[in-house]
Every structure is written in C-alpha cells, then in structure tokens.
C-alpha cells in the first residue's frame, strides 16, 4: 500500500452522555499522514452536555458530570471541530454511529467519504469470533504504547482505530481497493450503483 496516495483522512471517535439521541461529551479527530497517526495535529475536546451523563455511560468512558462541569459547551467548540474535519475523509470503527452523531451536531458538515474499520476488518480477516474494537486489538496486537488516555476514551479509541486501519490497509494494493471494501453503502464515498441500461 502506498500511503502517500491517500486522500486527507482523520480517524474520529465520539463519546456520548448515554441519552437518546446522544449529547457529545468527547470528540477526537486524529489525522493519518504517510501511513502514521499524526498526534501533533490531532484535536480532542471534552464537552459539557446539556443533559446529564447517565451512570452507564460514565462507567464505560469514565467521564462524569463533575468531570465535565467546567468544560465548554458544544456550541463553544463546534467551530473548532468543523475546521479540523473540513471536507476530509473520516474513518471510525462502526462508522455509521460516529458519522450519524457528528452529522447531527454539525449540520453543515459532510465528509468526502467514510471508512468503516469494522466493515474493513470483516472483509480482510473473515472468520474471527468477534470484530469489536477490543477483540481486534487483542487479535492484531497493535503497539499502543503511545496511545493517549485509556480504552473507551475518544483519543485512545481513535489512536487504536488508526493503527488497525493502517494494519488492515496493507492487504490492499491501493486506496481505491480499500475504499471499495470499507465504505458502507449509503455513506459518503460509497461506489455509485451503475444504472440499469435502457433503450434511451
């Protein structure tokens, strides 16, 4: 894989407050450049949600209402998130979720394309017992020595997902082949269906 041919891409991860629909409590966006996660230009934001964090969500990511009480609101950071994402491709694990939540919070934003590492892993490593992020970390054993924060925090999950993406990408000769496998139908970047031929 020639990583130099990749379009601009950021691996994203979002954490929510446990409500339906979720309010954001953390967002991370990690650029991938020349086959490496670029932590020097990454963005990460803790956000005070308008509704409380549920006990279940707090147990998952460790972010409590007290922790977030002094953080900025989404309205205060939305412009920064939008600026970093720009019109780049994004990648995420189970990307439908991250794309849907970010799109709901950034109605004027649309990525060029969406890579789903869950879909990519299923296509590239068929037959695994599980394709959760935890299971793939155990199976592929990426070097997480320099991963920020801890599991289920947005910065950690984005970093781990970036390493999984780069590992799985080695199975494909070029970006186009990877994208053909990894972009979920209906999301930006998915191959267009050819129209049925007609007489006209």
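Numbering (this note's numbering), first residue to last: 192 to 391.
No residue lacks a Cβ here, since even glycine has one placed at the ideal position from N, Cα and C.
As the structure is a computational prediction, the values presented were derived from the model and not from experiment.
Among 242, 193, 234, the one whose alpha carbon lies nearest that of residue 213 = The residue given as residue 213 occupies position 22 in the chain shown. The option with the nearest alpha carbon to residue 213 is 242.
With DSSP as the reference, please indicate the residues paired to residue 334 in a beta bridge.
-> Walking along the chain shown from the start, residue 334 turns up at place 143. Bridge partners of residue 334: none, in fact.
Output yes or no for whether 7 Å exceeds the beta carbon distance between residue 249 and residue 255.
-> Within the chain shown, residue 249 is the residue found at index 58, counting from 1. Within the chain shown, residue 255 is the residue found at index 64, counting from 1. Contact: yes.
Residue 261 to residue 313, Cα distance in whole Å?
-> Start at 1 with the first residue of the chain shown, and residue 261 comes out as number 70. Start at 1 with the first residue of the chain shown, and residue 313 comes out as number 122. Cα-Cα distance, rounded: 40 Å.
Neighbourhood of residue 225 by C-beta distance below 8 Å, restricted to the same chain and skipping five residues each side = On the chain shown, residue 225 is found 34 positions in, with the first residue counted as 1. Around residue 225: 194, 195.
Beta-carbon proximity check, residue 374 vs residue 380, cutoff 7 Å = Here residue 374 refers to the residue found at position 183 of the chain shown. Here residue 380 refers to the residue found at position 189 of the chain shown. Yes, these two residues count as a Cβ contact at 7 Å.
DSSP state of residue 306 mapped onto helix, strand, coil = Locating residue 306 in the chain shown gives position 115, counting from the first residue. Of the three classes helix, strand and coil, the one that applies to residue 306 here is strand, per DSSP.
Considering only residues of the segment 257–289, which uninterrupted alpha helix (DSSP H) runs meet the minimum length of 4 residues and lie entirely inside it, listed in chain order?
-> 265–276
Would you mind giving the Cβ-Cβ distance between residue 319 and residue 359, rounded to the nearest angstrom? I have them listed as a contact below 8 Å.
-> On the chain shown, residue 319 is found 128 positions in, with the first residue counted as 1. On the chain shown, residue 359 is found 168 positions in, with the first residue counted as 1. In fact, because the Cβ distance is near 12 Å, the residues do not count as touching under 8 Å.
Cβ pair count under 8 Å reaching 3, the segment 338–346 against the segment 267–279 = no
Cutoff 6 Å; reference residue 239; Cβ partners in own chain excluding five residues on either side = Taking the first residue of the chain shown as position 1, residue 239 is located at position 48. Excluding sequence neighbours, residue 239 sits near 259, 262, 264.
Could you check what DSSP says for residue 229 in three-state terms: helix, strand or coil?
-> Along the chain shown, one-based indexing puts residue 229 at 38. Residue 229: coil per DSSP, three-state reduction.
Confirm, please, whether the CB-CB distance from residue 309 to residue 322 is below 7 Å.
-> If you number the chain shown from 1, residue 322 lands on position 131. If you number the chain shown from 1, residue 309 lands on position 118. Less than 7 Å divides the Cβ of residue 322 from the Cβ of residue 309.
Nearest-angstrom beta carbon gap, residue 300 and residue 198 [assumed within contact, 8 Å] | Here residue 198 refers to the residue found at position 7 when the chain shown is read from its first residue. Here residue 300 refers to the residue found at position 109 when the chain shown is read from its first residue. Contact doesn't hold; Cβ gap of about 16 Å is too wide.
Can you give me the start and stop residues for the beta strand (DSSP E) that residue 366 sits inside?
-> Taking the first residue of the chain shown as 1, we reach residue 366 at position 175. Run containing residue 366: none in the beta strand (DSSP E); it sits in the alpha helix (DSSP H), 366–373.
What is the rounded straight-line gap between the Cα of residue 245 and the Cα of residue 364?
-> Working through the chain shown from its first residue, we reach residue 245 at position 54. Working through the chain shown from its first residue, we reach residue 364 at position 173. Answer to the nearest angstrom: the Cα atoms are 44 Å apart.
Where do the N-terminal and C-terminal ends of the alpha helix (DSSP H) with residue 220 fall, by residue?
-> As a position in the chain shown, residue 220 is number 29, starting the count at 1. Per DSSP, residue 220 belongs to no alpha helix (DSSP H); it is in the beta strand (DSSP E), 215–224.
Cβ neighbour criterion (16 or more within 10 Å) applied to residue 370 | The count along the chain shown starts at 1 and reaches residue 370 at position 179. Buried, since its Cβ has 16 or more Cβ neighbours within 10 Å.
Alpha-carbon to alpha-carbon, residue 317 and residue 361 | Start at 1 with the first residue of the chain shown, and residue 361 comes out as number 170. Start at 1 with the first residue of the chain shown, and residue 317 comes out as number 126. Taking the straight line from one Cα to the other gives about 15 Å.
Determine the burial state of residue 232: buried for a count of at least 16 other Cβ atoms within 10 Å of its Cβ, exposed for fewer.
-> Stepping through the chain shown from its first residue, residue 232 is reached at position 41. Classification for residue 232: exposed.
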